[in-house]
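Student: Going by my numbering, the sequence shown opens with residue 788, and the numbers climb by one from there.
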Amino acid sequence: MEMIQRPRRLRRNPVIRSMVRETRVSPDSLIYPLFVCEGKGIRHEIPSLPGQYHYSVDTLQKAAEETLQAGVHAIMLFGLPGEKDEKGSGAYAENGVIQRAVRELKKNFPELFVITDVCLCEYTSHGHCGMLRGCEVDNDATLPLLAKTALSHVQAGADMVAPSDMMDGRVAAIRRTLDQNGYTDIPILSYAVKYASSFYGPFREAAGSAPAFGDRKSYQMDFHNRREALREAALDVEEGADILMVKPAMSYLDIVRECRDAFSLPIAAYSVSGEYAMIKAAAARGWIDEEKIVCEAAAGVFRAGASILETYYAKELAQFMKEGRIG
Ligand code: PBG
């Protein structure tokens, strides 16, 4: 058969396939989320996230060590406070669970890059991401509390803060507060494009942060919208964000690509709890090959244009990358 173009020529063996590979991956691009709770000696597996745990500050140290050993240098911390109240005071308490965890981690592992999730939902009695006025989440009353939370994390030693609340103007409020306190060098990873998603279900169980009434649709984005994502991201760029995150990842790869093409800031994607839980559940039934699916899903996120991937599979992925199973 006479044929000049034969794409199969470049797929004949592993050497040539690897030579022409378009997406290269590295453990340097990974962020591993960790949950920290009050108490001592606690390492409880989270039922909806098999293989992920609630750690108290002491056991978290071992988890951090294992993360570094796996080749992952960045973690993101989520806190489970002992007590919750209307104003989410645990989020910005000097001796709050995150503040203590960060201090201890940076003391033991100065080389570990510690990012903190900045939000009130895990700390409020009503489970919403901000202050309530009646049944509404009051945007402007929430901003000072978010800024205070971010500042307390940074004072404890956090390397980067990641606001996930979706209040308007929060990046500007946090940037201003950090700068006024001399933390001009601490970057903000903004959850710039965060959809109101059912893929967060297992996380809310893990963090005990499901809203007591209603949902988060008045602040998180409608999943039918694409142009709005660009608007949200553009606002965060203007407000001083250093990295833009799209969340969830798997069902939003088009948005990752749009953001990548439209902005010059690094783009991160968060492969959220529901994505992890689905793969775990199907793999447990023997319906899919967990390792291969994890590699394929991660490659998809990088191919879509993300340069950073936050995932509960970070440690496994780092191993797969070292073994050359991906990228
Ligand atoms: C806090 C927050 C959530 C997640 C990250 N930060 C939950 C939510 O918005 O309800 C979800 C992470 C995941 O599902 O893995 N606002």
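Ideal placement from N, C-alpha and C gives every residue a C-beta, glycine not left out. Because the structure is a prediction, the values reported are computed rather than measured.
What number of angstroms, rounded off, separates the C-alpha of A1071 from the C-alpha of V901?
Tutor: As a working mapping, residue 1071 is identified with position 284 in the sequence shown. As a working mapping, residue 901 is identified with position 114 in the sequence shown. Cα to Cα, A1071 sits roughly 32 Å from V901.
Student: Classify H831 as helix, strand or coil using the three-state DSSP reduction.
Tutor: Position 44 of the sequence shown, counted from the first residue, corresponds to residue 831. The answer is strand: DSSP assigns H831 an E or B state.
Student: Take the Cβ of T929 as the centre, count every other Cβ of all protein chains shown within 10 Å, and call the residue buried at 16 or more, exposed below.
Tutor: Taking the sequence shown and counting its residues from 1, one reaches residue 929 at position 142. That one is buried.
Student: On the three-state DSSP scale, how would you describe P1053?
Tutor: Start at 1 with the first residue of the sequence shown, and residue 1053 comes out as number 266. Of the three classes helix, strand and coil, the one that applies to P1053 here is coil, per DSSP.
Student: If you run the structure through DSSP and keep just helix, strand and coil, what is P820?
Tutor: Residue 820 sits at position 33 when you count from the first residue of the sequence shown. Of the three classes helix, strand and coil, the one that applies to P820 here is strand, per DSSP.
Student: The ligand PBG and S985: does the residue's C-beta get closer than 6 Å to at least one heavy atom of that ligand?
Tutor: The residue given as residue 985 occupies position 198 in the sequence shown. No, the Cβ of S985 stays beyond 6 Å of every heavy atom of the ligand PBG.
Student: Between D904 and the ligand PBG, is there a pair consisting of the residue's CB and a ligand heavy atom that are separated by less than 6 Å?
Tutor: Numbered from 1 along the sequence shown, position 117 holds the residue referred to as residue 904. True, at least one ligand heavy atom lies under 6 Å from that Cβ.
Student: Is C908 near the ligand PBG, with its Cβ less than 6 Å from a heavy atom?
Tutor: Sequence index remark: in the sequence shown, residue 908 carries index 121 (1-based). Because some heavy atom of the ligand PBG lies under 6 Å away, the Cβ of C908 counts as near it: yes.
Student: Are S912 and K874 close, meaning C-beta to C-beta below 7 Å?
Tutor: The count along the sequence shown starts at 1 and reaches residue 912 at position 125. The count along the sequence shown starts at 1 and reaches residue 874 at position 87. No; because the gap between Cβ atoms is not below 7 Å, this pair is not in contact.
Student: Here's the rule I'm using: 16 or more other beta-carbon atoms within 10 Å means buried, otherwise exposed. How should A1084 be labelled?
Tutor: Position 297 of the sequence shown holds residue 1084. Only buried fits A1084, as 16 or more other CB atoms lie within 10 angstroms of its CB.
Student: For the 8 Å Cβ check, are there 3 or more pairs between the segment 969–977 and the segment 990–1001?
Tutor: no
Student: Can you tell me whether C824 sits near the ligand PBG, meaning its C-beta is under 6 Å from at least one heavy atom of the ligand?
Tutor: Taking the sequence shown and counting its residues from 1, the one referred to as residue 824 is at position 37. No, Cβ of C824 sits at least 6 Å from all heavy atoms of the ligand PBG.
Student: Assign M790 to one of three DSSP states: helix, strand, or coil.
Tutor: The residue given as residue 790 occupies position 3 in the sequence shown. In this structure, M790 counts as coil in the three-state DSSP scheme.
Student: By how many angstroms is the C-alpha of R793 removed from the C-alpha of N800?
Tutor: Here residue 800 corresponds to residue number 13 of the sequence shown, with the count starting at 1. Here residue 793 corresponds to residue number 6 of the sequence shown, with the count starting at 1. When rounded, the distance between both Cα atoms is 15 Å.
Student: Is the beta carbon of Q1007 closer than 7 Å to that of K981?
Tutor: As a working mapping, residue 981 is identified with position 194 in the sequence shown. As a working mapping, residue 1007 is identified with position 220 in the sequence shown. Yes. Within cutoff.
Student: What are the boundary residues of the beta strand (DSSP E) that includes Q1007?
Tutor: Position 220 of the sequence shown, counted from the first residue, corresponds to residue 1007. First-last for Q1007: undefined, no H or E at that position.
Student: What's the gap between the Cα of A1049 and the Cα of G828?
Tutor: On the sequence shown, position 262 is the one that residue 1049 refers to. On the sequence shown, position 41 is the one that residue 828 refers to. Approximately 46 Å, taken between the alpha carbons.
Student: Taking DSSP as the reference, what is the three-state secondary structure of A993?
Tutor: In the sequence shown, counting from the first residue as 1, residue 993 sits at position 206. A993 falls in the helix class under three-state DSSP.
Student: Check P1035 in the structure and name its three-state DSSP category.
Tutor: Translated into positions along the sequence shown, residue 1035 becomes position 248. Here P1035 sits in coil by DSSP.
Student: Below 8 Å, can you find three or more Cβ-Cβ pairs linking the segment 857–872 to the segment 1095–1103?
Tutor: yes
Student: Looking only at its chain, what residues have a beta carbon closer than 8 Å to the beta carbon of A1105, apart from the 5 residues adjacent to it on each side?
Tutor: As a working mapping, residue 1105 is identified with position 318 in the sequence shown. Excluding residues within five positions, the ones whose Cβ falls inside 8 Å are P814, L817, A857, G858 and V859.
Student: Which partner residues of K981 appear in the DSSP bridge assignment?
Tutor: Stepping through the sequence shown from its first residue, residue 981 is reached at position 194. Its beta-bridge partners are K1034.
Student: Do you know offhand how far V958's Cα is from G883's?
Tutor: Numbered from its first residue, the sequence shown carries residue 958 at position 171. Numbered from its first residue, the sequence shown carries residue 883 at position 96. The straight-line gap from Cα to Cα measures roughly 22 Å.
Student: For my contact list, V905 and A949 are in at a C-beta cut-off of 8 Å; report their separation, rounded to the angstrom.
Tutor: One-based indexing of the sequence shown puts residue 905 at position 118. One-based indexing of the sequence shown puts residue 949 at position 162. Indeed, because the Cβ distance is near 6 Å, the residues count as touching under 8 Å.
Student: Take M953 as the anchor and find which of G1061, M1032, L1052 and T964 has the nearest alpha-carbon.
Tutor: Position 166 of the sequence shown, counted from the start, is the residue given in the question as residue 953. Taking the Cα of M953 as reference, the smallest distance to any Cα among G1061, M1032, L1052 and T964 is reached at M1032.
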